[in-house]
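Before any comments, here is the structure.
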Amino acid sequence: MACVVSWNCRGFRSKVCHIKDLIYEVHPVCIALQETYLKPADISKIKRYSLVRKDNENESGRASGGVALLVSHDTPSSVITLHTNLQAVAVRVMFSNLVTICTVYLPPSTSVDERDLNRLVEELPTPFIIIGDFNGHSPLWGSKNTNLRGRQIEEFVNTHSLCLLNNGEDTYFHQRSRTFHSLDLALCTPSLAPYFNFRVGVDLRDSDHFPIFLDRVNVGSNDAPRPTRYLFHRADWTNFALRALITRDMVEGENLNEVVNLVTKTIISAADDSIPKSGLSFPKNRKPWWNKYCTDTNRDQRRAWNVFRRHPTSANQIAFQRAKSIARWARRKSERGYWIKFVSGINSSVTAKDMWDNVRRACGIYPEKRISCLRTNGQEVRNISEMVDVLAEAFASICSASNYTEPFLTHKNRMERIKLRFQTTKHLSYNSDLTIFELHTALSVIKHTSPGPDEVTYSMLQHLSEHSLLNILYMFNRIWKEHVFPDCWKHAFIIPIPKPGKDPQDPLNYRPIALTSCMCKLFERIVNVRLVHILEKNEYISPFQSGFRKSRSTIDNLISLETDIRVAFLKRNHLVSIFFDIYKAYDRTWRYGIMKNLYDLGFRGHLPIFVQNFLKQRFFRVRLGNTFSNIFCQEEGVPQGCVLSVTLFVLAINPILSVIPQTVQKNLYVDDLHISCYARNMQLIERQLQTAINNIVEWSNKSGFTISAQKTIGIHFCKRPLHPDPELFLSGVPIRFQDNYKFLGIVFDKRLTFLPHIASLRKRCLRSLNILRTLSNTSWGADRSCLLRVYRSIIRSMIDYGSVVYGSARPSYLKRLDYVHHQALRLCLGAFRTSPIPSLYAEAFEPSLSSRRDKLSLSYYFRILSNDKHPLRGTLLNGNNNRLFNARPSCIPHFGLRMRNILPDTFHGVKVHTTDFCGHPPWMENSISYINPFGNFTKSDSNNSVLISLFNKHRQFYQSYQPVFTDGSKSLNHVGCAFFTNGHIISYKLHSFTSVFSSEITAVYFALKYIDEHEIRKSILYTDSMSLLESLRSSSTRNPLIKEVKDFYRHLLSKGARILFSWVPSHVGITGNELADKSAKSATEFLTRPIVYADVRSAVNQWCHCQWQEKWNMETNNKLHVIKPVLSYWVTKLNRRCDVVLTRLRIGHTRLTHKYLLFAESPPTCSHCGDILTVKHILTDCVAVDRHRLRYFCSSSFDLSFLLGQIPHFNLFMYLKDIGVFHDI
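Residue 1 is where the sequence shown starts when you use the working numbering, and the numbers rise one by one after that.
Pasting the structure below:
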């Protein structure tokens, strides 16, 4: 049901039949009409609807414009009297609460006074919706350009912090030009934004405007059945571990399928006895923040009410009011706690849609997600048991072998007759037995996901006892060596998720989310780590493939393309790029082709045989609620939802890069393939690219992949628009050339201005600001730190992505994004509109976007330098074109040269330590254990003499081991490391960028070298860095210095040395530790060593902060600078209202003192002193309130930092309320 409909009908009387059709179709609560063309004498009625209207006549007396509201008699409503010159009427309608609906028509030829718009908002009771025809153009709501009216409406929306509900769809059809535009808008107060969805009708209904619908989101319970699930927060894990005991007898059965089923049954049986389950129906009150305390206080409130209702005495009334207040406080506390907990866990991977879903959940809104209808073969299917089969048939048809072409099917049948024999008698290390170390590592890195058909979850596996895990490992090794893949692991449940923007009635418009066995995925994770290690160690994967590889990302491909274009522009060449689209790449991957690639790479034994069995005979069932489809087979393609699938797909598509000529640049991110070529001669480019395209098509025809000719796009990058595009063909079909193309999330235009990308990015970010507007108007989500975290995760992350690429655009283009940044900071802080930009940065502790782009770019630059196998490393270090770029300043330099131009002097000559991302073989344990002689005694809770005594006892026990004390030190201008042993002290001074952690590792490394040189057989290395010992014990650290220490440690063990590591507390009087610490602080011998990337990145961050601080030091006239001269993050624990007041006072711009700037008026003056009204005057100077200062601050003479500093004065707000200005700030 559409609650509100808006339509520019272009004549009420002539469209009465269409209005009645709308009422019959959607039964709206309210219909807002524009351009009714009614005169005051005209009588118009609609049955069961009351009409509120405002007519308009032009100078000649003819009806022109006019607005009206039709309100259903079934809904309580009242008319709002408006005193405005605008064509607008308003009513207040009862939904679940009172909402004001206002319809507006702004004629395109008439100028609109901004004061009329502001007065309209002041007259509307909140919450309200303003809907109508605004006749303004702006990309914010879907227009391609902006006009004066559009900018005026943008300013109006930002001034009053309104939310725009439009989704970008066109609402108007211009018949003469045959173009579509977006003119009809729906604005609302932030509190209503989560409750309404915007959509546009498909029929003009004899008008030139489409009707628009505001549908109210379903609130309350959903009666659809749902699968039961385990309530892990109420689990008894101790009881579970005892009951889920996997014995050796269980896993030694002859039939491995029965063994796996028995183990699964044991785990599920223990879970049923130890973990409660949810019911089949959704609870009535599904607010995620609701907890037991809310239930208890709500029950107490009902009891108090029942007592008061039976015995209405004053005492019972007071008791009821008290219980009611406690219940309200409990709900607010729970809401706020839930939201803070949720926000603390979000990161840049959370999308705006995910955030909106969580905002709606916090409000108790759960939109209906059931599939109501599917259409297949021209017939509608509504029965859920039939719909699951329809969806399953659609998914099975996608991965069917019948989709392959006839030539490939012939080739496929011929090749599959050749059996691949992976059996071998040769010992290959990657075929060794799986180890308990690998199992623990896999369990430590898993992310909790939904279980598969066996219902075993990762949480259950993580809480098994060590004895049970050892027996599960025994079962895994039997599967590994006996070459049997359990039948139950070949089945999956498919959850269909509708693709956004697609017809939900088409079964092909659903994305299949596969749920497979977690136990199987645990096994896959161990095998996948081994497979990736071998592929990377032997460089089997092309360096031009960036997908799902350590230290690689989409930015690599984007920088590569941007660099080629910049160099081509520099040399005044053409550059032509082709972006390929592989149709249904994952679902149509040829499985035999994967195995053939593994065979050709030399894989033999258990690993390839496991992969072969893993790919055979995969089955699935579609699940909707508790309804399941029949079992269907996935013939081809990599299995959905499996850990191994991505690696196997990369392996399948990897050979495509080898068929592309060396003269053509190529890049691949999983299945996103791009090739380019630049030269001065266009015919040469055509020949080179056509050869590459033909080779790609020929390879795809033999590999089962299909290149989509319709979606493959070309761009001719050239600064001169007169040059024609080249003619290239894909399988005989001409490749379509465009002016711009979105590649890996960045829009490249043919002149590489990045203007289309910046415009698109700005539009998306401005729409996402509605999240901040909504949260800032709630009692539970308006915390400043939460708002800033939401901004950084949702909006700033969009701006950050690709900024190292599009940051080369003109500064005037990049400034368009600054508006988003500033608007977001104002919303997060609650700052007044006139607040200076530097003050916003300082108060939020959020630097400018230009400073952030420099930081991200320099960090990425050094990250590339830390990987000696990175394909861009040579480009960054190559200075062949530097002189030519300097000679042609009009040409924008490529990324490497841009970085060298902004690189600070202190970073020149810095050598970054390269990282070996292959690391140690995963099947060999790669950790170092340590001892702690102090047991449960901690440094903070124990006397120094006790700790020294414990250490002396420890040394008596290990007296045959030579002690080696290591330490690292870092101060403002000095970094050093040292070790002390047997009367010898060796110390080194390190580069100032080196962190204290790296200095500790360096000390350990040189201590190990000393042990090797002096052939010490038994030794103990003592360090006061627990983080260092934990890193040595961990197997997942990527720090190259840690790897260096571990490699040297294993080298010493191979020579027969016995070396132990131990922790000692610092500065408690242990002689060796004190000597090492003193030597590290006074080291003078400089040691030249490469610096790890993490330390360089920290130095970059520090440099950027110092640059920001220097700019802030120059803001001597800034009001906030007096209070906050040093940039730092100030934590506030105030409610939203007080936090906003404090922010505005600190910045010095408040509504009371600076509202005049918005209306071009004279500055206000103090009614007592006659001086200009400022924050400083109100707080410290005005003599009329001296007695109030003495009362609250015990003084009348102080500076602003005393009241508004990092910890504001506790009587500040009482003082403001007492003098009557608190609510005017």
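Backbone N, C-alpha and C define an ideal beta-carbon position, used for all residues, glycine too.
Taking C-beta to C-beta, are residue i and residue j nearer than 8 Å?
i, j, result
"Arg773", "Asp1139", "no"
"Ile80", "Ala68", "no"
"Thr146", "Leu33", "no"
"Leu1152", "Leu1173", "yes"
"Pro139", "Lys763", "yes"
"Leu256", "Glu482", "yes"
"Leu439", "Leu473", "yes"
"Glu114", "Gln87", "no"
"Ser1195", "Arg1189", "yes"
"Leu1052", "Leu1008", "yes"
"Leu744", "Asn867", "no"
"Gly65", "Arg53", "no"
"Trp923", "Tyr540", "no"
"Ile1178", "Arg1146", "no"
"Leu817", "Leu769", "no"
"Thr554", "Ser546", "yes"
"Asn654", "Ser517", "no"
For the alpha helix (DSSP H) that contains residue i, what are its first and last residues?
i, result
"Glu123", "Glu114 to Glu123"
"Pro496", "That residue, Pro496, is in no alpha helix (DSSP H); its beta strand (DSSP E) goes His491 to Pro498."
"Asn347", "Segment: none, Asn347 is in no alpha helix (DSSP H) and carries neither H nor E."
"Gly150", "Leu148 to Thr159"
"Ile268", "Leu256 to Ser274"
Following the continuous beta strand (DSSP E) through residue i, name the residue where it begins and the one where it ends.
i, result
"Arg92", "Gln87 to Met94"
"Gly132", "Phe128 to Asp133"
"Ala186", "Asp184 to Cys188"
"Phe1086", "No beta strand (DSSP E) holds Phe1086; DSSP gives it neither H nor E."
"Arg784", "From DSSP, Arg784 is part of no beta strand (DSSP E) but of the alpha helix (DSSP H) over Arg784 to Val790."
"Ile931", "It is not in any beta strand (DSSP E) - Ile931 carries neither H nor E in the DSSP assignment."
"Lys666", "Gln665 to Tyr669"
What whole-angstrom Cβ distance do residue i and residue j have, given they're in contact under 8 Å?
i, j, result
"Cys399", "Glu35", "Their Cβ separation, rounded to whole angstroms, is 53 Å, which puts Cys399 and Glu35 out of contact at 8 Å."
"Lys855", "Val697", "Going by Cβ atoms, the distance from Lys855 to Val697 rounds to 43 Å, so no, they are not a contact pair."
"Phe993", "Ile1091", "5 Å"
"Ser1238", "Tyr293", "Because residue 1238 is not part of the residues shown, which for the chain are 1 to 1225, the question remains open."
"Tyr813", "Phe717", "About 18 Å separates the two Cβ atoms, so there is no contact after all."
Any beta carbon from chain D within less than 8 Å of residue i's own beta carbon?
i, result
"Asn867", "Reference to chain D is not applicable here, since this structure consists of a single protein chain."
Alpha helix (DSSP H) runs wholly inside the region 558-628, at least 4 long, in chain order: 591-600 and 606-615
The region 236-244 / the region 205-215 touching (three or more Cβ pairs under 8 Å): no
Complete beta strand (DSSP E) runs within the region 952-1020 (minimum length 3 residues, chain order): 962-970, 975-981 and 984-989
Complete runs of the beta strand (DSSP E) confined to the region 1031-1071 [at least 3 residues]: 1058-1063
What are the complete alpha helix (DSSP H) segments, minimum 4 residues, inside the region 462-546? 466-482 and 518-537
Taking contact to mean 3 or more Cβ pairs, one atom from each stretch, closer than 8 Å, check whether the region 1020-1038 and the region 1065-1075 are in contact. yes
With a threshold of 8 Å, are at least 3 pairs of Cβ atoms found where one atom belongs to the region 824-837 and the other to the region 1055-1068? Counting Cβ pairs under 8 Å, fewer than three are found: no touch.
Specify whether the region 632-648 and the region 585-594 touch according to this definition: at least 3 beta carbon pairs, one from each stretch, less than 8 Å apart. Between the region 632-648 and the region 585-594 there are three or more C-beta pairs closer than 8 Å, enough to call the two in contact.
For the pair the region 514-530 and the region 640-647, tell me if three or more CB-CB distances fall below 8 Å. yes
Examine the Cβ distances between the region 700-708 and the region 406-426 and report whether three or more of them are shorter than 8 Å. yes
Quick check on the DSSP output: what are the complete alpha helix (DSSP H) runs of length 4 or more inside the region 286-361, in order along the chain? 292-310 and 314-344
At least 3 beta-carbon pairs within less than 8 Å: the region 933-948 vs the region 1127-1135: At 8 Å Cβ cutoff, the stretches do not touch.
If contact is defined by three or more beta carbon pairs under 8 Å, each pair taking one atom from either stretch, is the region 114-123 in contact with the region 45-61? no
Kindly confirm or deny that the region 494-503 and the region 260-277 touch, where touching means at least three C-beta pairs closer than 8 Å. For the pair of segments examined, the region 494-503 was found not to touch the region 260-277: the number of CB pairs separated by less than 8 Å stays below three.
Are at least three pairs of beta-carbons, each pair with one atom in the region 978-995 and one in the region 1038-1052, less than 8 Å apart? Counting Cβ pairs under 8 Å, fewer than three are found: no touch.
Quick one: any contact between the region 837-848 and the region 884-893, if contact means 3 or more CB pairs under 8 Å? no
Tell me, please, whether the region 162-174 touches the region 104-112 by the rule of three or more beta-carbon pairs shorter than 8 Å. no
If you pair each beta-carbon of the region 180-189 with each one of the region 127-144, do three or more pairs fall below 8 Å? yes
Evaluate contact between the region 647-663 and the region 617-630, counting only Cβ atoms and requiring at least three cross-stretch pairs below 8 Å. Look at the beta carbons and you see the region 647-663 not touching the region 617-630: under three pairs across the two are nearer than 8 Å.
Are the region 612-628 and the region 383-397 touching by the rule of at least three beta carbon pairs closer than 8 Å? yes
Is the region 570-581 touching the region 678-694 in the sense that three or more CB pairs, one from each, lie closer than 8 Å? yes
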